[in-house]
Amino acid sequence: MKFRELGLSEDLLKAIEDKGFKEATPIQAETIPLTLQGKDVLGQAQTGTGKTAAFALPIIEHVDLDNPNVQALVISPTRELAIQTQSEISRFGKEKGVKAVSVFGGSDIRRQIQSLKRRPQIVVGTPGRLLDHINRKTLKLDHVKTLVLDEADDMLDMGFLDDIESIIKQVPEDRQTLLFSATMPAQIKRVGVQFMKDPQQVTIKAKELTTDLVDQYYIRVKQFEKFDIMTRFFDIQAPKVTIVFCRTKRRVDEVSKGLLLRGYRAAGIHGDLTQNRRSQIMKDFKNDKIDVLVATDVAARGIDISSVTHVYNYDITQDSESYVHRIGRTGRAGRHGVSMTFVEPNETSYLRDIEKLTKVRMLPLKPPSADEALKGQLEVATKEIGSLIEKTKMDAFADSADELLSQYDAKDLVSVLLSKMTRNQVKVHISAEKPLPNKNKRGHGGGYRGNRGGGNHRRNGGGYRGNRGGGNGNNRRRYSGNGNHRDDHKNGGRSSNGKRPNKSFTIKNKD
DNA sequence: AAAAAAT
Numbered sequence: 001m002k003f004r005e006l007g008l009s010e011d012l013l014k015a016i017e018d019k020g021f022k023e024a025t026p027i028q029a030e031t032i033p034l035t036l037q038g039k040d041v042l043g044q045a046q047t048g049t050g051k052t053a054a055f056a057l058p059i060i061e062h063v064d065l066d067n068p069n070v071q072a073l074v075i076s077p078t079r080e081l082a083i084q085t086q087s088e089i090s091r092f093g094k095e096k097g098v099k100a101v102s103v104f105g106g107s108d109i110r111r112q113i114q115s116l117k118r119r120p121q122i123v124v125g126t127p128g129r130l131l132d133h134i135n136r137k138t139l140k141l142d143h144v145k146t147l148v149l150d151e152a153d154d155m156l157d158m159g160f161l162d163d164i165e166s167i168i169k170q171v172p173e174d175r176q177t178l179l180f181s182a183t184m185p186a187q188i189k190r191v192g193v194q195f196m197k198d199p200q201q202v203t204i205k206a207k208e209l210t211t212d213l214v215d216q217y218y219i220r221v222k223q224f225e226k227f228d229i230m231t232r233f234f235d236i237q238a239p240k241v242t243i244v245f246c247r248t249k250r251r252v253d254e255v256s257k258g259l260l261l262r263g264y265r266a267a268g269i270h271g272d273l274t275q276n277r278r279s280q281i282m283k284d285f286k287n288d289k290i291d292v293l294v295a296t297d298v299a300a301r302g303i304d305i306s307s308v309t310h311v312y313n314y315d316i317t318q319d320s321e322s323y324v325h326r327i328g329r330t331g332r333a334g335r336h337g338v339s340m341t342f343v344e345p346n347e348t349s350y351l352r353d354i355e356k357l358t359k360v361r362m363l364p365l366k367p368p369s370a371d372e373a374l375k376g377q378l379e380v381a382t383k384e385i386g387s388l389i390e391k392t393k394m395d396a397f398a399d400s401a402d403e404l405l406s407q408y409d410a411k412d413l414v415s416v417l418l419s420k421m422t423r424n425q426v427k428v429h430i431s432a433e434k435p436l437p438n439k440n441k442r443g444h445g446g447g448y449r450g451n452r453g454g455g456n457h458r459r460n461g462g463g464y465r466g467n468r469g470g471g472n473g474n475n476r477r478r479y480s481g482n483g484n485h486r487d488d489h490k491n492g493g494r495s496s497n498g499k500r501p502n503k504s505f506t507i508k509n510k511d
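The following block contains the structure:
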């Protein structure tokens, strides 16, 4: 479906073209006409399929430039998402001359007040700061025509509902209400519908809740070995742009510190950091200065960095919806992605719950051995030498090099170099968390024998190179294609009857 | 139980 057929004006069509959009996605094609008609819309579609544009475009279309009031309000669950949504709206609205502003906590409120005084027609914000502005009377919502709850099921959940209700009270009853999300549990939908009039539900039917662009794997691990196993996977996959999700802020700190110690370009992000720091880290991640972003669920929803190649669930989610959103950070805008979920022995029931919601079977992977990890590191190091040879100023080292060559075997010298480039004795300890409340009586029956010990094949400071941007997809073949790490099953894991192959839970330790 | 969200 072409955007031109949806009833949008030339200004917007130009902005859409400038952004490089060719055809409307299904959620856009189905909701934009309804929204343009002024209907209340409940839109549900997979992550990364353009829901933001689906509500942003008709809102911009409806903006009356002669009306000096705030005409549309978008509420977001996190500050980063509010920033991103505002900037996307601004881009689409530029041609028409529409102003959008974002307001959120943790940043200077006076500057926000100034920006609100410049009469934006569209405001995007997080609940707390929106209420703050409402109470200060620096934000008036009495002329709002359209209200959007982005990530609606999150906004209508207990932690947010009171704030949302208070904000909605400030918006005229006679308004258009739009709810968008990839997930929408039935009981939350019932709450949301109460804020709507004659809601039109648009659900983009897909066999699965998650996009098939993401290959979903899981790995059975013990708590104490999780970190080492993750870095072994890193060594093999040479992840380019990766997000690692942890259950708590503390774990984010520990895991990101551990990765830094081992020479990865990593940084952690969570709600206890200053907003300046949060913004800086997001910027660094987008600009390639960080390869691995370690995050709490603050980064689970909405964040659109289409270059993300891998999502690791270092800690599995108890909340299946959250899983859908986390892995939805990759496989965006038609690109391929990989998700890796670690499952501790007592977490099997969460794995089942997630699969029940997504209707996708995750494929089991075996933890790589230390040898396989080393092999991966050597591959990276070998490539790195090629580029270092071009970059290094040889003159300064020539004499010492000659001396060494006269004294030792060249092969030995290179081996020493490689060992320096691949090894790092840094020990990383990640504290045990209180185990999740056990929904099952017990975990599985102990088919798993941990890949214990080892863990000494670590990188040195320069060992890891993001190597971003180059050929998508070959990355994936490196471990999913050679079959070495996969459990023993013949049909590639996802059998046609949807059953998990037998014995896929038994992972034997080869070491 | 955690995280997010105002100071």
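full-length UniProt numbering numbers the first residue of the first sequence as 1 and each following residue consecutively. For each residue, glycine too, the CB sits at the ideal point set by N, CA and C. In this text the structure is predicted, and so the values were computed from the model without any measurement.
Residue range of the beta strand (DSSP E) that includes A100: On the first sequence, residue 100 is found 100 positions in, with the first residue counted as 1. Start and end: 100-103.
Segment contact flag, the region 208-221 with the region 358-369, C-beta cutoff 8 Å, min 3 pairs: yes
Residues bridged to G337 [DSSP beta-bridge criterion]: Looking up residue 337 in the first sequence gives position 337. Paired residue(s): V214.
Other residues of its chain near K145: CB distance less than 7 Å, five sequence neighbours each side excluded: As a working mapping, residue 145 is identified with position 145 in the first sequence. Excluding sequence neighbours, K145 sits near H62, Q71, A72, R175, Q176.
Identity of the residue in N69, Y217, E403, A238 nearest E372 by Cα: As a first step, residue 372 is located in the first sequence; it is residue number 372 there, counting from the start. Among N69, Y217, E403, A238, the Cα nearest to that of E372 is on A238.
Span separating the alpha-carbon of A370 from that of V292: By 1-based counting over the first sequence, the position of residue 370 is 370. By 1-based counting over the first sequence, the position of residue 292 is 292. Their Cα atoms are separated by approximately 21 Å.
Short Cβ contact (8 Å threshold) for T296 with V241: Walking along the first sequence from the start, residue 296 turns up at place 296. Walking along the first sequence from the start, residue 241 turns up at place 241. Against a cut-off of 8 Å, the Cβ pair of V241 and T296 comes out as no contact.
Neighbourhood of D11 by C-beta, 7 Å cutoff - its chain only, sequence neighbours within 5 removed: Walking along the first sequence from the start, residue 11 turns up at place 11. E95, K96, listed in sequence order.
Residue span of the beta strand (DSSP E) that contains D150, given as start and end: Numbered from 1 along the first sequence, position 150 holds the residue referred to as residue 150. Its beta strand (DSSP E) spans residues 146-150.
Alpha-carbon spacing of G7 relative to R332, whole angstroms: Looking up residue 7 in the first sequence gives position 7. Looking up residue 332 in the first sequence gives position 332. Taking the straight line joining both Cα atoms gives about 26 Å.
Test item: CB-CB of G93 and I60 under 8 Å: As a working mapping, residue 93 is identified with position 93 in the first sequence. As a working mapping, residue 60 is identified with position 60 in the first sequence. Result yes, Cβ atoms of G93 and I60 sit closer than 8 Å.
At least 3 beta-carbon pairs within less than 8 Å: the region 328-347 vs the region 299-313: yes
Span of the alpha helix (DSSP H), counted from its first residue to its last, around V416: By one-based count along the first sequence, residue 416 stands at place 416. That run of the alpha helix (DSSP H) goes 410-422.
Alpha-carbon to alpha-carbon, T78 and K283: Looking up residue 283 in the first sequence gives position 283. Looking up residue 78 in the first sequence gives position 78. Near 16 Å, if we compare the C-alpha coordinates of T78 and K283.
Sequence-distant residues of the same chain with beta carbon closer than 6 Å to T317, five excluded per side: For the purposes of this step, residue 317 is taken as the residue at position 317 of the first sequence. For T317, where only same-chain residues beyond five positions count, the Cβ hits under 6 Å are Y323.
Option nearest R190 by Cα separation, candidates Q223, L156, D228: Here residue 190 refers to the residue found at position 190 of the first sequence. The residue with the shortest Cα to Cα distance from R190 is L156.
Presumed contact (8 Å Cβ cut-off) between I89 and I122, rounded CB distance: Counted from its first residue, the first sequence places residue 89 at position 89. Counted from its first residue, the first sequence places residue 122 at position 122. Correct: roughly 6 Å between the Cβ atoms.
Beta carbon of I430 nearer than 8 Å to that of E254: As a first step, residue 430 must be located in the first sequence, where it is residue number 430. As a first step, residue 254 must be located in the first sequence, where it is residue number 254. Against a cut-off of 8 Å, the Cβ pair of E254 and I430 comes out as a contact.
6 Å Cβ shell around G268 - same chain, five flanking residues per side excluded: For the purposes of this step, residue 268 is taken as the residue at position 268 of the first sequence. Answer for G268: V252, D253, S256, V294, listed in chain order.
Cβ neighbours of S320 in the same chain (closer than 6 Å, five flanking residues each side left out): Taking the first sequence and counting its residues from 1, the one referred to as residue 320 is at position 320. Taken in chain order, the residues that qualify are D353, I354, L357.
Nearest-angstrom Cα separation, counted from L141 out to P172: On the first sequence, position 172 is the one that residue 172 refers to. On the first sequence, position 141 is the one that residue 141 refers to. Cα-Cα distance, rounded: 8 Å.
Separation of L418 from S400, as counted between CA atoms: Translated into positions along the first sequence, residue 400 becomes position 400. Translated into positions along the first sequence, residue 418 becomes position 418. Roughly 18 Å between the two C-alpha positions.
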